[in-house]
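S.K.:
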Amino acid sequence: MSSVFANDAFAGKTVLVTGASSGIGEGTAKAFAAHGANVMINGRDAARGGAVLDAIVSGGGSAALSLGDVADSAYCDRLVKETVDRFGRLDVLFNNAGICLHGPVDETSDDDWDHLIGINVSGSFYMARAAVRQMKAQGDGGAIVNMSSECGLIAYERLPAYSATKGAIVMLTKCMAIDHARDGIRVNAVCPGDIDTPMTDLGWAHLDISSEEIREKLKEHIPLGKVGRPLDIAHAVMYLASDAAGFVTGTLLPIDGGTTAR
Ligand code: NAD
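In the numbering used here, each number is its position in the sequence shown, counted from 1, plus 534.
Put into C-alpha cells, the structure is as follows:
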C-alpha cells in the first residue's frame with residue numbers, strides 16, 4: 535500500500551474504529567494498524583470482525599475486537615473502557631458505524647426512522663461522549679473524526695431520513711469542536727461521496743441492475759469520473775487524526791471526487 539504517512543506515524547497511539555468489520559471502517563482500521571497504531575475494532579458480526587482482526591494481526595499489526603451495537607449507550611461506554619483496559623488509553627475515535635435508508639418520507643415507517651436515528655445519530659453521540667470523557671480524564675487531548683456524508687451537505691432524491699442523520703453529525707461535530715478545543719480535543723468530520731463498499735448497492739435495490747452498472751452510473755455524475763475507495767477515506771481520517779492537523783478542528787471534509795463542488 536503506498537502512503538504518504540511514515541510506517542510508524544501512529545506508533546503508541548490507540549485508535550478506536552466503530553463499524554470496522556466492513557467497508558470504510560475496515561479499510562481505515564487496517565490503514566491505522568499498518569502505520570503502527572493499536573486498533574480497537576468494533577463490529578456486530580463475529581465472523582466479519584474476526585476476519586478483519588486476523589488480517590491485521592497476521593500482518594504484524596496490533597488490534598483487538600469488540601462486538602456490540604453502538605445504538606446501545608451502555609455498550610458505547612463499555613467499548614471505550616475495553617479499549618483503555620486493553621491498550622492503556624484512547625487517542626483517536628473514528629465514529630464511523632452507520633446504516634443507510636432510501637426512500638421518500640411518505641414511504642418511511644416510524645420503526646425505520648427510529649432504527650436509523652438510533653444508530654447514525656444516537657450511536658455517534660454516545661460514542662463521541664464516551665470518548666470525550668476518556669480523553670478529558672487522560673488530560674492530553676485527542677482527536678475525534680465523525681462520519682458524515684456528502685448527504686449531510688447537499689440534497690439527493692430518496693434520501694431525506696439518511697441525510698437528516700448526516701446533517702445532524704455536521705452540527706454535532708462543530709459544536710463539540712468548540713466545546714472541547716481548550717481540552718485539546720479536536721473534532722472533525724469526513725463527508726464521503728460515493729465510495730465502493732457494501733452500502734453502495736443499497737440505493738439501487740429498487741432498480742434491476744448489476745453492481746457493475748451501478749458503479750458506471752455513479753461515475754457519470756462524479757467530476758473525477760471514478761468511485762472512491764475506502765482507502766481514500768482512510769487517508770483523510772489519518773490526516774485529521776494526526777499532528778499534521780493540529781490546527782484543524784470543527785471542519786467538514788468532503789472526499790467526493792468533486793461532487794459537492796457543483
Ligand atoms: P458498510 O455497510 O460496509 O459499513 C458500515 C459498518 O457499520 C458495518 O461494519 C456495519 O456492521 C456497521 N454498523 C452498522 N450498524 C451498527 C451498529 N448499530 N453498531 C455497530 N456497528 C454497526 O458501509 P460503509 O460504506 O463502509 O459505511 C460506513 C460509514 O460511511 C457509514 O456511516 C455510512 O453512512 C458512511 N458513508 C458511506 C458512503 C459510501 O458511499 N459508502 C458515503 C458517505 C458516508
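Even for Gly, the Cβ is constructed at its ideal location relative to N, Cα and C.
Just checking my contact of S555 with R582 at CB under 8 Å: how many whole Å lie between their CB atoms?
M.R.: Residue numbering aside, residue 555 sits at position 21 when the sequence shown is read from its first letter. Residue numbering aside, residue 582 sits at position 48 when the sequence shown is read from its first letter. The beta carbons of S555 and R582 sit about 4 Å from each other, so the pair counts as a contact at 8 Å.
S.K.: Are the Cβ atoms of G791 and G727 separated by less than 8 Å?
M.R.: Taking the first residue of the sequence shown as 1, we reach residue 791 at position 257. Taking the first residue of the sequence shown as 1, we reach residue 727 at position 193. Yes; because the gap between Cβ atoms is below 8 Å, this pair is in contact.
S.K.: Does ligand 1 have a heavy atom nearer than 7 Å to the CB of I558?
M.R.: What you label residue 558 is simply residue 24 of the sequence shown in a count that begins at 1. Answer for I558: yes, Cβ within range of ligand 1.
S.K.: Confirm, please, whether the CB-CB distance from V724 to I789 is below 8 Å.
M.R.: As a working note, residue 789 is residue 255 in the sequence shown. As a working note, residue 724 is residue 190 in the sequence shown. The answer is yes: Cβ separation under 8 Å.
S.K.: Between the alpha carbons of F566 and D645, how many angstroms are there, rounded?
M.R.: Counted from its first residue, the sequence shown places residue 566 at position 32. Counted from its first residue, the sequence shown places residue 645 at position 111. For F566 and D645, the distance between alpha carbons rounds to 36 Å.
S.K.: For D717 versus M669, is the C-beta distance shorter than 8 Å?
M.R.: Your numbering for residue 717 matches position 183 in the sequence shown. Your numbering for residue 669 matches position 135 in the sequence shown. Yes. Within cutoff.
S.K.: At a cut-off of 7 Å, is N722 close to ligand 1 when judged by its beta-carbon and the heavy atoms of the ligand?
M.R.: Indexing the sequence shown from 1 puts residue 722 at position 188. Result no, Cβ not under 7 Å from ligand 1.
S.K.: Does ligand 1 have a heavy atom nearer than 7 Å to the CB of C610?
M.R.: Within the sequence shown, the letter at position 76 stands for residue 610. No, ligand 1 has no heavy atom inside 7 Å of this Cβ.
S.K.: Where do the ends of the alpha helix (DSSP H) carrying L774 lie?
M.R.: Locating residue 774 in the sequence shown gives position 240, counting from the first residue. Its alpha helix (DSSP H) spans residues P764 to A775.
S.K.: State yes or no: is the C-beta of R578 nearer than 7 Å to some heavy atom of ligand 1?
M.R.: Taking the sequence shown and counting its residues from 1, one reaches residue 578 at position 44. Correct: R578 has its Cβ closer than 7 Å to ligand 1.
S.K.: For N629 and D766, I'd like the C-alpha separation in whole angstroms.
M.R.: What you label residue 629 is simply residue 95 of the sequence shown in a count that begins at 1. What you label residue 766 is simply residue 232 of the sequence shown in a count that begins at 1. Whole-angstrom Cα-Cα distance: 16 Å.
S.K.: What I want to know is whether the C-beta of P638 ends up closer than 7 Å to one or more non-hydrogen atoms of ligand 1.
M.R.: The sequence position of residue 638 within the sequence shown is 104, counting from 1. Outside the cutoff, so no.
S.K.: Sorted by chain position, which residues of the same chain lie with C-beta nearer than 8 Å to V639's C-beta, five sequence neighbours on each side aside?
M.R.: Locating residue 639 in the sequence shown gives position 105, where the first residue counts as 1. Answer for V639: P694 and A695, listed in chain order.
S.K.: Skipping 5 residues on each side, what residues in its chain have a beta carbon closer than 6 Å to that of T794?
M.R.: Taking the first residue of the sequence shown as position 1, residue 794 is located at position 260. Here the set comprises E684, L687, I688 and P788.
S.K.: Looking only at its chain, what residues have a beta carbon closer than 7 Å to the beta carbon of G570, apart from the 5 residues adjacent to it on each side?
M.R.: For the purposes of this step, residue 570 is taken as the residue at position 36 of the sequence shown. Short of 7 Å from the beta carbon of G570, and not among the five residues preceding or following it, lie these beta carbons of its own chain, in chain order: N541, D542, A543, F544 and A545.
S.K.: Helix, strand or coil for R620, going by three-state DSSP, please let me know.
M.R.: The residue labelled residue 620 in the question sits at position 86 within the sequence shown. The three-state reading of DSSP puts R620 in helix, counting H, G and I together.
S.K.: Verify the contact flag: I756, CB atom, against every heavy atom of ligand 1, threshold strictly below 7 Å.
M.R.: Your numbering for residue 756 matches position 222 in the sequence shown. No - ligand 1 has no heavy atom lying nearer than 7 Å to the Cβ of I756.
S.K.: CB-CB under 6 Å to S607, same chain, minus the five flanking residues each way: which ones, in chain order?
M.R.: Here residue 607 corresponds to residue number 73 of the sequence shown, with the count starting at 1. If we look at S607 and ignore the five residues flanking it on each side, its Cβ neighbours are Y660.
S.K.: In chain order, what residues of the same chain have a beta carbon less than 7 Å from the beta carbon of A702, not counting five sequence neighbours either side?
M.R.: The residue labelled residue 702 in the question sits at position 168 within the sequence shown. Closer than 7 Å at Cβ, skipping near neighbours: V655.
S.K.: Leaving aside the five residues before and after A605 along the sequence, list all residues of the same chain whose C-beta is less than 7 Å from its C-beta, in chain order.
M.R.: Mapped onto the sequence shown, residue 605 falls at position 71. Closer than 7 Å at the Cβ level, and outside the excluded window around A605, lie G652, I653, S656 and G657.
S.K.: From the DSSP output, in three-state form, read off V761 for me.
M.R.: Here residue 761 corresponds to residue number 227 of the sequence shown, with the count starting at 1. The answer is coil: DSSP assigns V761 none of H, G, I, E or B.
S.K.: Nearest to H636 by CA position, among A664, N680, L613 and E691, is which residue?
M.R.: For the purposes of this step, residue 636 is taken as the residue at position 102 of the sequence shown. With distances taken between Cα atoms, H636 lies closest to E691.
S.K.: Out of T552, T699 and D619, state which residue places its alpha-carbon closest to the alpha-carbon of W647.
M.R.: One-based indexing of the sequence shown puts residue 647 at position 113. Closest option to W647, Cα to Cα, is T699.
S.K.: What span of residues does the beta strand (DSSP E) with I575 cover, start to end?
M.R.: Here the question's residue 575 lines up with position 41 in the sequence shown. Taken as a continuous stretch (DSSP letters only), the beta strand (DSSP E) holding I575 covers N572 to G577.
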